[in-house]
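Only one structure is covered here, and it is reproduced in the block below.
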Amino acid sequence: MEKEKTNFSSKSVEAGKKVSKVLAKAKVSITNAMDQNDDGKFDKDDVAQVANTIKENADEKARQLELKILQPIFPSDVDSGDFLLHKFIRVADRSRRYADSKACRGAIGHYSTHKGIRILNIFRDSADLFGITFYPDCRSEFYYIDPSDRDRYIALDDYFSYLKMERVSELQRIAQDLGAKHFRVTYVEDKSSFAEKKADAKIKAKAVGGGEMTHKTEKKEYATIEIAAEMTCAGHEPIKPKLKYLLRDPSIQALVAMRLDKKAPLTHQKFMIKLSNSSGLKENDAVKIDTILKSMKFVGNTTVASEAKNEERRYLEYEIDF
Numbered sequence: 001m002e003k004e005k006t007n008f009s010s011k012s013v014e015a016g017k018k019v020s021k022v023l024a025k026a027k028v029s030i031t032n033a034m035d036q037n038d039d040g041k042f043d044k045d046d047v048a049q050v051a052n053t054i055k056e057n058a059d060e061k062a063r064q065l066e067l068k069i070l071q072p073i074f075p076s077d078v079d080s081g082d083f084l085l086h087k088f089i090r091v092a093d094r095s096r097r098y099a100d101s102k103a104c105r106g107a108i109g110h111y112s113t114h115k116g117i118r119i120l121n122i123f124r125d126s127a128d129l130f131g132i133t134f135y136p137d138c139r140s141e142f143y144y145i146d147p148s149d150r151d152r153y154i155a156l157d158d159y160f161s162y163l164k165m166e167r168v169s170e171l172q173r174i175a176q177d178l179g180a181k182h183f184r185v186t187y188v189e190d191k192s193s194f195a196e197k198k199a200d201a202k203i204k205a206k207a208v209g210g211g212e213m214t215h216k217t218e219k220k221e222y223a224t225i226e227i228a229a230e231m232t233c234a235g236h237e238p239i240k241p242k243l244k245y246l247l248r249d250p251s252i253q254a255l256v257a258m259r260l261d262k263k264a265p266l267t268h269q270k271f272m273i274k275l276s277n278s279s280g281l282k283e284n285d286a287v288k289i290d291t292i293l294k295s296m297k298f299v300g301n302t303t304v305a306s307e308a309k310n311e312e313r314r315y316l317e318y319e320i321d322f
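Pasting the structure below:
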């Protein structure tokens, strides 16, 4: 029995020594891991450095989260080859939220999402860094891209009236370059209606039960809104005009080709130019813009979609004499 006790005691001592060695090694490992200044011990300086590292990691995570939420845009983003300007943009003053954010320091704009549609917001004080121009200036809030110049943006409130003015001016320049003696541009609106007419006798005879048949035909009517431009000139030999907004209009292309053809000189021409063909802002895009404006609590006297729809019914009647 005494022998068993002695063996047990020896084993306990050996086990205790092994545990002590393990704990000693663990202590050294922990000390080495926590020793931040390589002085071989874990002291208050190491505690301060560990706390600082934890704080830095927490700050970086907070910064990354803030960047994800605020979605800032920096000059380096604009300079990269992947950056694309949207057709519809917003120009706004830098809010306090972005001005006070360390993560957004140096930002020149930000992205935001409204009803699932992502839009580009440009800070007004950094608008010149995007390499674009604004009409009439950058003091408005919402802009849409100029259909003939991707680096030019037109204030949304002035969009349709500005493009109408530009196309009238272009028609005037075309007349002058082609050597017209007289031209007139009339702004008209489609007042088409469906008129019901009775069918002729042959159709009547085929009608079931001998009754009269009627059918509807479209009656095209235009209401003159205003004479937008008119001029009488001396006339001269034609030169090829530089086209911008009406570059792809088939009627203008035909007019220029016929006037420059000396074999069959043109003396008179009259045709209609549909404004929606060269406006750039289509009804589908207008509906999306209205969705964005509504979600941002911007409500006006009319909607962009209704203006785009009205543009479908508006024409410039162009009459020119050589």
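For the sequence shown, full-length UniProt numbering assigns the number 1 to the initial residue and increments by one for each residue that follows. The beta carbon of each residue, even a glycine, is placed where N, CA and C say it ideally should be. Just so we're clear, the structure is a prediction, and the values are computed from it rather than from any experiment.
Taking the alpha-carbon positions, what's the I227 to K164 distance? 13 Å
Looking only at its own chain, which residues have a Cβ that is under 7 Å from the Cβ of V287, when we skip the five neighbours before and after it? A305
Going by Cα to Cα distance, which pick from S279, E317, F298 and F322 is closest to F160? S279
Test item: CB-CB of H110 and L70 under 8 Å: yes
Is it buried or exposed for A99, if we count other Cβ within 10 angstroms and need 16 for buried? exposed
Distance, Cα to Cα, K270 vs E283? 28 Å
Which of the three DSSP states, helix, strand or coil, is assigned to T302? coil
Nearest neighbour of T179, chosen from F298, P241, N121 and L120 [CA to CA]: In the sequence on display, residue 179 carries Gly and not Thr. Of the listed residues, the one whose Cα sits closest to G179 is P241.
Is the distance from the Cβ of S251 to the Cβ of I273 below 8 Å? yes
With a 10 Å radius around its C-beta and 16 neighbouring C-beta atoms as the bar for buried, classify D77 as buried or exposed. exposed
So which of V91, F183 and E66 has the shortest CA-CA distance to L129? V91
Taking all protein chains shown into account, decide if R150 is buried (16 or more other Cβ within 10 angstroms of its Cβ) or exposed. exposed
Just to confirm my understanding: we take E311, look at its own chain, exclude 5 residues before and 5 after, and list those with CB closer than 7 Å. What are they? F160, L275, S276 and S279
Quick one: is E221 buried, meaning 16 or more other Cβ sit within 10 Å of its Cβ, or exposed? exposed
Taking buried to mean at least 16 other C-beta atoms within 10 Å of its own C-beta, is N121 buried or exposed? buried
Looking at E319 and R184, is the spacing between their C-beta atoms short of 8 Å? yes
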